[in-house]
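The structure under discussion appears below in the form of structure tokens.
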Amino acid sequence: MVKRFAESGIAFDCFEAESDVGGIWNLDSPHAVYGSTHLNSSKKLTRYLDFDFAEDWPVYASAAQAQAYFRAYAEEFGLYDHITFNTRVDHIERDDEGWLVTLAGEAEPRRYDGVVMATGHHWHPSVPAYPGTFEGEMLHSHDVKSKAQLKDKRVLVVGAGNSAVDILDDAVHGGKAAIHSMRRTYYFFPKLLFGKPTDTVIDRISRAPIPRKIMYKVYKLGMLVLIGSHERYGLPKPDHDLFEAHPTASNTYLDHLVHGRVVAKPGVDRLEGRRVYFTDETSEEVDMVIWATGFKVHFPFMDDSYVLDEHGWSKLFIHTFHRDWDDFFAVGLFDPAEGGVWQVADHQARLIAAFIRAQENDPERAAWFRDLKRQGAPDIGHGIKRQDTPWHRFEIHHLRFRRYMKRLLKKFGGNALPAGEMRTMGESTPPSPAKDESLKLAS
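Under full-length UniProt numbering, the first residue of the sequence shown carries the number 1, and numbering increases by one thereafter.
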């Protein structure tokens, strides 16, 4: 967002609570991802539109490499000068004249014409409550930073997402035991199909001019041929069809199951001392319970109703634009079923900048988009009914979302600046000069 505003000549302030760029990929932050995490999206479908990963990096970058990528991007395009670090936004509120933004340590709010929320939503842990008391150590996956925390411990991981399988893998190699609890079985995908990154294979198949129902049957048949049914690994059959819930990417999880390195259990029923009882009345004695149970979508610095309806679903047009206000935007507030967040967020940033420029310079196009965002309901998902869980309320189909935003950018004409020429980490070229605009926003 910072780069797209800067190159569009839109005046803005950007406040970052941490000491560097990267968000959850800033490993110096207490809110960072698990240290041994790798991206679950390939370089091709993760990179920004104008900046590629280093050529000699692996297909799935490590957390440390992701951190280095963000820092290299900020350096390459001179973004550090546009960001105020170590500055937390405590409160934002809309009134008749615009937005009041209160920073930590400041008594009086600052006034802005608009606000872009680019905080993400993977930082407010969701921890379930079960009967009983556990006398061992309990952590949310958000608080697990190193495999050293698992050393010589019997570890129970609850949850079925990507963080869960990453932590289980480290528990296998460093702990005494790795036990996995899931209330329901999800589909587990390998990270490579036919020697190619799974997300790029799915992306390519999605481009084929065939009906979606047939396409999903092709996906499902391919998974059955390549990995077989989940029952063969000792897991219950999933209670949903493929892509009705978010699949989990792992090359190791199913292998750990068949070799007995991970013990699969159903959902947790209750806790007693250091023993955890499951819904099938079996139990395990463990030293540590890790809740890999996701995150609540919550914004402590503002009224959640700016973004969420009463059921917790996004009210924003394409998870980006407020339907009634022309001065509130979100970037990165979605979960791709395949592919990465950053590339799609870059499209969002370009689209936001284009709409702001149109409001200043092109009233006709601004009016067209204003009507669209108020009533539009484009299909940017998989086109099938998803499970009604918080995990799926912000899910998008990577290719469809990208294509739709590209069509909108094209309709904005000259208000939408080009994505820019692709650069690669380590190959520096001077940035383009910015033009001047008058609208000032807090990003």
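Using N, Cα and C, we set each Cβ at its ideal position, and we do this for glycine too.
Three-state secondary structure (DSSP) of residue i
i, result
"A11", "strand"
"V101", "strand"
"E231", "helix"
"G414", "helix"
"residue 483", "For residue 483 there is no data in the structure shown, the boundaries of the chain being 1 and 443."
"S181", "strand"
"L156", "strand"
"R94", "strand"
"Y60", "coil"
"S314", "strand"
"E360", "helix"
"G339", "coil"
"L242", "coil"
"V218", "helix"
"F5", "helix"
"I210", "coil"
"R350", "helix"
"A107", "coil"
"D52", "strand"
"F189", "strand"
"L150", "helix"
Reference residue i, options the options, closest by Cα
i, options, result
"S36", "Q65, D56, D50", "Q65"
"N162", "H398, Q343, V33", "V33"
"D379", "A366, K373, F401", "F401"
"G273", "E16, D28, H121, M138", "M138"
"L27", "T200, L150, Y48, V144", "V144"
"L39", "Y69, L49, P30", "Y69"
"P266", "G195, V201, L150, I179", "I179"
"G23", "V331, E106, T198", "V331"
"R111", "E231, G105, G98", "G98"
"D269", "G105, V101, A129", "A129"
"H230", "F243, L254, A249", "L254"
"D90", "H121, F5, Y404, E108", "E108"
"F328", "P125, L316, D335", "L316"
"G376", "E395, R350, D362, Y404", "Y404"
"L257", "L235, F243, V341, G294", "L235"
"H31", "P247, W123, E55", "W123"
"Q67", "Y48, A104, V21", "V21"
"H142", "G294, Y306, S314", "G294"
"L168", "R261, S206, A72", "R261"
"L372", "Y48, A345, R407", "R407"
"I202", "S42, W25, L333, G174", "S42"
Element boundaries [alpha helix (DSSP H), containing residue i]
i, result
"S283", "Careful: S283 lies outside any alpha helix (DSSP H), inside the beta strand (DSSP E) at 283–285."
"R403", "398–411"
"T198", "198–206"
"Y253", "253–258"
Beta carbon proximity, residue i to chain D, threshold 8 Å
i, result
"F369", "Of the chains in the structure shown, none is chain D; there is only one protein chain."
Residue range of the unbroken beta strand (DSSP E) whose run includes residue i
i, result
"S163", "Per DSSP, S163 belongs to no beta strand (DSSP E); it is in the alpha helix (DSSP H), 162–174."
"H140", "137–140"
"W291", "288–291"
"R111", "110–112"
"Y73", "Where Y73 is concerned, there is no enclosing beta strand (DSSP E), although the alpha helix (DSSP H) it sits in stretches over 63–76."
"A367", "Counting along the chain, A367 falls outside any beta strand (DSSP E), though it belongs to the alpha helix (DSSP H) covering 363–375."
"D269", "268–273"
"V297", "Premise fails: V297 is in no beta strand (DSSP E) and is neither H nor E."
"T320", "Note, T320: premise wrong, no beta strand (DSSP E); not H, not E."
"T133", "132–134"
"V263", "262–265"
"F329", "328–330"
Whole-angstrom C-beta distance between residue j and residue i, which should lie under 8 Å
i, j, result
"F53", "A61", "6 Å"
"residue 448", "G132", "Since the first residue of the chain shown is 1 and the last is 443, residue 448 is not available in this structure."
"M288", "A118", "Not confirmed; about 34 Å, so no contact."
"E18", "F85", "7 Å"
"Q348", "T320", "5 Å"
"G420", "D95", "No, G420 and D95 are not in contact; Cβ-Cβ is about 36 Å, not under 8 Å."
"residue 445", "W291", "One cannot answer for residue 445 here, as it falls past the ends of the chain, which runs 1 to 443."
"R423", "E76", "6 Å"
"L150", "A171", "5 Å"
"H398", "G339", "3 Å"
"D326", "R374", "With a Cβ gap of about 10 Å, D326 and R374 do not count as contacting."
"A353", "R4", "5 Å"
"V165", "T248", "6 Å"
"H246", "A337", "6 Å"
"L351", "L417", "At roughly 11 Å, the Cβ-Cβ gap does not stay under 8 Å, so L351 and L417 are not in contact."
Do the region 275–294 and the region 222–235 meet, that is, are 3 or more Cβ pairs less than 8 Å apart?
no
If you pair each beta-carbon of the region 410–417 with each one of the region 348–360, do three or more pairs fall below 8 Å?
yes
Whether or not the region 73–87 and the region 6–18 are in contact is what I'm after, with contact meaning three or more pairs of Cβ atoms, one per stretch, closer than 8 Å; do they touch?
Yes: at least three Cβ pairs fall under 8 Å.
Taking contact to mean 3 or more Cβ pairs, one atom from each stretch, closer than 8 Å, check whether the region 361–370 and the region 149–168 are in contact.
no
Pairing CB atoms from the region 188–197 with CB atoms from the region 292–307, are three or more of them under 8 Å?
no
Can we say the region 204–221 touches the region 168–179, given the rule of at least three CB pairs closer than 8 Å?
In the pairwise beta carbon analysis, the region 204–221 is classified as not touching the region 168–179: fewer than three pairs are separated by under 8 Å.
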